[in-house]
Amino acid sequence: MKADLGSAMGIRLYQEIRKQNEQLARARSRFPQIDDYINRLESNLMLSEEENGELIKKIEDFLREGD
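Heads up: the sequence shown begins at 144 in the numbering used here, then just goes up one per residue.
Here it is in C-alpha cells:
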C-alpha cells in the first residue's frame, strides 16, 4: 500500500511540475521581457533588484490570470 501511495504522489507531483512548466512556457512566449529575464538567469547572469521584482510581479500576475 505504501508503494501505491508513493506512486500516486509521484504521478501527482509530475503532473504539477508539467503544468507549471507549460504555464511558464506560455508566459515566456507571451511576454518577451519575462523570456529575456529568464534567459539571463539561465545564462548565470544576474538581474538587478528592480528587474528581479518585475519578473516576480509579472509571473505572479500571469499565474493569477490563469493564462
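C-beta atoms are modelled at their ideal positions from N, C-alpha and C, and glycine is treated no differently.
Helix or strand or just coil, what does DSSP make of residue i?
i	result
Gly-153	helix
Leu-190	coil
Gly-209	coil
Indicate whether residue i and residue j have their beta-carbon atoms separated by less than 8 Å.
i	j	result
Ala-168	Ile-177	no
Tyr-180	Leu-198	yes
Leu-206	Gln-166	yes
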